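Below you'll find the structure, written out as structure tokens, and then a few comments.
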Amino acid sequence: MSINEQSLAYGSSKSRIREIAAYGAARKAEIGVDKVFDFSLGNPSIPAPDDVRKSIERLVAMPAAKLHSYTPASGLPEVRASIAQSINKRFAVESTELYGSDSLAEANDLYMTCGAAASITITLGALCNPGDEVMVVAPYFPEYRVWIESSQATCVEVMADSSSFQLDIAALRSALNENTKALIINSPNNPTGVVYSRESLVELAALLTEHSEKTGNTVYLIADEPYRELVYGGAEVPWLPGIYANTIVCYSYSKSLSLPGERIGWVLVSPRCAEHDQLVAAVAGAGRKLGFVCAPALFQRVIADCVDLEPNVEAYEHNRQLLMEGLGKLGYEFVEPQGAFYLWMKALEPDADAFFEKARELELLPVPSDSFGCPGWVRIGYCVDAQTIEGSMDAWAQLMESYR
Ligand code: PLP
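Residue numbers for the sequence shown follow my numbering, so the first one is 26 and each next one is one higher.
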């Protein structure tokens, strides 16, 4: 074989989410948009805030040669400085109280990226050597496995608590070993909608600290946070660099500002990381190796303009309520989502794929849970029009009926 086998394998197998979304689009073209209830893709359904459009309009009036030129590989210094300032404004109180001003983020700690996907691949590239293990909490975003394996590390799945889907600290303790390089956690979580409690994160930090001290190998916490601002009912999303020193935050504006196609985000190496300066250099080196230098220049500048914007999550909150009430009345079991825009629902039989096939016959398109590394559930993305949820309820009722 003359071409790369791993790449060929990844390119030849579509992600289950994308496969279902493509089926949904084809089916809509066939029988009508309002007859198919597609809950597959995590594409934000609320538009980007108007301030984003205003910023773009202002920026396109800049001299073109300046606007479209390369930026430094890690991003424009003034953009990174404004992001650092915003981070400190929002989160520094909790970390400075504990750790003093050394814990404040600086422009130099940030590397601008093409979204969370690039943030995570860059971080893994900065950390991993062949033979390293990276733990993920199952159910998990399926691309983690692709990114971990392509950075020559091994993906180790550790189940979350099987009823609350919060972290299972005992299971994480059993999976840690001397090859563990990092743990990726994602809160608010895709696919479960769970927000990890402060209590469990403090416990996790103690576990990782104890393990790192015992083995002499630092275990890094990779905080994948594209859904940080999408929370309901006042759920708290603790700032992990304030809880665990060796944290790298991978952020993206794909979901918070509804800009998934623009590919913009950042990596933050927490100022309190062991080997901080080498890690900052390794992040830049991984960006260089992967060709992820100079994130889109226009959108770097848009982010500087919009850095403190909070999303209006009313529409998601409304959808979440509609789904919970509708499915709850029908007798479905699900985890009450505290964040993101996914509802994690128990399939009506142990085989989630078989359940999905029955749902599909009724034009319902959730994502079966096996591709998230967990049997027996489905993910319902509620980043859709409210009419899709309302219109789907008869089909969910028929599906429930078919199991009686
Ligand atoms: N991490 C999680 C948990 C996600 O759900 C997604 C996208 O859906 C990503 C990372 C990738 O985000 P981005 O589009 O910013 O690359």
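C-beta: ideal position from N, C-alpha, C; glycine also.
None of the values given here were measured: they were computed from a predicted structure.
Counting along the chain, where does the beta strand (DSSP E) carrying residue i start and finish?
{"i": "LYS206", "result": "205-211"}
{"i": "TRP369", "result": "367-371"}
{"i": "LEU149", "result": "Here LEU149 belongs to no beta strand (DSSP E); instead the alpha helix (DSSP H) covers 140-152."}
{"i": "SER277", "result": "272-277"}
{"i": "THR179", "result": "179-184"}
{"i": "GLY290", "result": "290-294"}
{"i": "ASP437", "result": "The question about residue 437 has no answer here: the residues shown for the chain are numbered 26 through 429."}
{"i": "ALA320", "result": "First-last for ALA320: undefined, no H or E at that position."}
{"i": "VAL85", "result": "Segment: none, VAL85 is in no beta strand (DSSP E) and carries neither H nor E."}
{"i": "GLU158", "result": "158-163"}
Given a cut-off of 9 Å, decide if residue j and residue i are closer than it, judged by their beta-carbon atoms.
{"i": "LEU135", "j": "SER99", "result": "yes"}
{"i": "ALA207", "j": "ALA185", "result": "no"}
{"i": "ASP436", "j": "LYS114", "result": "Residue 436 lies beyond the stretch modelled for the chain, which goes from 26 to 429, so this question has no answer here."}
{"i": "ALA141", "j": "ALA109", "result": "no"}
{"i": "TYR48", "j": "LEU390", "result": "yes"}
{"i": "SER281", "j": "THR138", "result": "no"}
{"i": "VAL392", "j": "GLY406", "result": "yes"}
{"i": "TYR428", "j": "GLU358", "result": "no"}
{"i": "ALA270", "j": "ARG297", "result": "yes"}
{"i": "LEU255", "j": "PRO213", "result": "yes"}
{"i": "ILE273", "j": "VAL294", "result": "yes"}
{"i": "SER3", "j": "ILE28", "result": "Any answer about residue 3 is impossible in this case: the structure gives the chain only from 26 up to 429."}
{"i": "ASN68", "j": "CYS408", "result": "yes"}
{"i": "ALA372", "j": "SER396", "result": "no"}
{"i": "VAL161", "j": "THR205", "result": "no"}
{"i": "ILE268", "j": "ARG223", "result": "yes"}
{"i": "PHE62", "j": "ALA420", "result": "yes"}
{"i": "ALA384", "j": "LEU352", "result": "no"}
{"i": "TYR221", "j": "GLN191", "result": "yes"}
{"i": "GLN412", "j": "ASP59", "result": "yes"}
{"i": "ALA307", "j": "ALA54", "result": "no"}
Go to residue i, then tell me how far its alpha helix (DSSP H) extends in each direction, as first and last residue.
{"i": "LYS354", "result": "339-355"}
{"i": "LEU66", "result": "Run containing LEU66: none; DSSP gives neither H nor E here."}
{"i": "THR234", "result": "223-240"}
{"i": "TRP402", "result": "Not the alpha helix (DSSP H): TRP402 falls in the beta strand (DSSP E), residues 402-406."}
{"i": "ILE414", "result": "411-427"}
{"i": "VAL262", "result": "Where VAL262 is concerned, there is no enclosing alpha helix (DSSP H), given that its DSSP letter is neither H nor E."}
{"i": "VAL244", "result": "Note, VAL244: premise wrong, no alpha helix (DSSP H); not H, not E."}
{"i": "ALA195", "result": "194-200"}
{"i": "ASP310", "result": "First, the amino acid is wrong: residue 310 is Gly here, not Asp. Element bounds for GLY310: 301-315."}
{"i": "ASP378", "result": "377-386"}
{"i": "GLU168", "result": "168-175"}
{"i": "LEU33", "result": "30-37"}
Return the residue from the list the options that minimises the CA-CA distance to residue i.
{"i": "SER144", "options": "GLY398, ALA248 and ALA365", "result": "ALA248"}
{"i": "PHE324", "options": "ALA51, VAL77 and ALA34", "result": "VAL77"}
{"i": "ALA178", "options": "ILE209, SER199 and SER188", "result": "ILE209"}
{"i": "VAL227", "options": "LEU265, ASP410 and ASN214", "result": "LEU265"}
{"i": "SER107", "options": "ASP330, ALA89 and LEU282", "result": "ASP330"}
{"i": "ASN242", "options": "GLU300, SER283, ALA320 and PRO285", "result": "GLU300"}
{"i": "ILE289", "options": "TYR221, PRO321 and ARG297", "result": "PRO321"}
{"i": "GLU415", "options": "LEU424, LYS371, CYS399 and LEU347", "result": "LEU347"}
{"i": "LEU233", "options": "GLU224, VAL244, THR240 and ARG223", "result": "VAL244"}
{"i": "SER40", "options": "SER94, PHE166, ALA307 and GLU238", "result": "PHE166"}
{"i": "SER111", "options": "ALA132, SER94 and THR96", "result": "ALA132"}
{"i": "LEU283", "options": "LEU84, VAL338 and TYR221", "result": "Note on identity: in this sequence residue 283 is Ser, with Leu being the wrong assignment. Among LEU84, VAL338 and TYR221, the Cα nearest to that of SER283 belongs to VAL338."}
{"i": "LEU197", "options": "SER189, SER187, ASN211 and GLU182", "result": "GLU182"}
{"i": "THR146", "options": "GLU386, VAL318 and SER37", "result": "VAL318"}
{"i": "THR240", "options": "ASN211, GLY258, LEU201 and GLU250", "result": "LEU201"}
{"i": "SER70", "options": "GLU342, CYS180 and LEU315", "result": "GLU342"}
{"i": "VAL403", "options": "THR413, ALA379, ALA422 and TRP369", "result": "TRP369"}
{"i": "GLU287", "options": "ILE81, LYS354 and VAL58", "result": "ILE81"}
{"i": "ALA73", "options": "THR413, VAL61, PRO285 and GLY353", "result": "PRO285"}
{"i": "GLY156", "options": "GLY218, GLU203 and VAL305", "result": "GLU203"}
{"i": "GLU426", "options": "ALA309, ALA379, LEU355 and GLY36", "result": "LEU355"}
{"i": "PRO336", "options": "PRO251, ALA54 and ASP302", "result": "PRO251"}
{"i": "GLY258", "options": "HIS236, CYS275, TRP291 and VAL219", "result": "VAL219"}
Would you say residue i lies against chain D (beta-carbon separation less than 9 Å)?
{"i": "ALA311", "result": "Chain labels in this structure do not include chain D; a single protein chain is all it has."}
query: In chain order, what residues place their C-beta within less than 6 Å of a heavy atom belonging to the ligand PLP?
result: GLY67, GLY140, ALA141, ALA142, PHE166, ASN211, ASN215, ASP249, PRO251, SER277, SER279, PRO285 and GLY290
- prompt: Do the segment 358-365 and the segment 257-264 make contact, defined as three or more Cβ pairs closer than 8 Å?
  reply: yes
task: Examine the Cβ distances between the segment 164-178 and the segment 48-61 and report whether three or more of them are shorter than 8 Å.
output: no
task: Could you say if the segment 221-237 and the segment 78-91 meet the contact criterion of at least three C-beta pairs nearer than 8 Å?
output: no
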